[in-house]
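Notes for the one structure printed next.
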């Protein structure tokens with residue numbers, strides 16, 4: 790476990806210390822000190838604390854956010870730790886669409902939070918991700934009961950000059966379907 794006081798013991802070499810800790814963490818990405826079940830670690834384990842310390846020491850070091858969150862999710866099943874690392878990374882790199890799409894995947898499949906996944910996919914699409922991210926974000930928001938998200942996104946994309954006509958058609962259909970479902974009595 791890395792002590793939180795390490796920031797004061799780097800003597801001005803925070804980035805170098807973060808690099809050394811990163812090299813150590815990468816060697817044991819799949820290490821689990823408290824296995825709850827097969828391939829399931831107790832949350833906030835060794836890897837989470839290493840990644841948290843690394844990102845505190847070197848907040849602009851992108852790789853721990855991008856690959857560390859995935860390692861926590863996939864290799865050691867530390868879903869709460871992965872959520873914290875992804876949230877920290879999204880806060881630091883809000884225009885990094887690959888990081889945003891990984892965070893959206895985690896929000897959708899591990900956190901089971903469709904509205905959060907929709908927001909992250911929208912951010913990823915706006916940051917240069919594939920255009921179909923907007924359609925997926927609209928579908929997720931519709932499924933979670935927020936039809937206004939899709940309406941707002943559609944208006945935003947309609948006002949942009951170079952938006953793909955097929956994407957606009959798909960979004961219009963999804964928004965219309967959600968509006969019809971919301972208006973019909975159950």
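In this note's numbering, the protein residues as written are 790 to 975.
Glycine included, each C-beta is placed from N, C-alpha and C at the ideal position.
For residue 896, the closest of 944, 886, 871, 915 by C-alpha to C-alpha distance is 871. For residue 860, the closest of 910, 803, 796, 835 by C-alpha to C-alpha distance is 835.
For residue 797, the secondary structure class from DSSP, reduced to helix, strand or coil, is helix. Excluding sequence positions up to five before and after residue 847, its CB lies within less than 7 angstroms of the CB of 803, 804, 807, all in the same chain and listed in chain order.
Judged by beta-carbon spacing, residue 933 lies within the 8 angstroms limit of residue 904, meaning their Cβ atoms are closer than that value.
Remark: C-beta atoms of residue 851 and residue 876 do not approach each other more closely than 8 angstroms. Going by DSSP, residue 841 is part of the alpha helix (DSSP H) stretching over 835 to 846. Excluding its 5 nearest sequence neighbours in each direction, residue 868 has C-beta neighbours in its own chain below 6 angstroms: 899, listed in chain order. Secondary structure at residue 814: helix, using DSSP grouped into helix, strand and coil. About 4 angstroms separates the beta carbon of residue 819 from that of residue 864, a gap short enough to meet the 8 angstroms contact definition. Nearest C-alpha to residue 873 among 892, 883, 887: 892. Cβ-Cβ separation between residue 862 and residue 795: approximately 25 angstroms, too far for a contact (criterion under 8 angstroms).
Rounded to the nearest angstrom, the gap between the Cα atoms of residue 921 and residue 910 is 9 angstroms. Listed in chain order, the alpha helix (DSSP H) elements of length 4 or more contained wholly in the region 881 to 917 are 886 to 898, 903 to 915.
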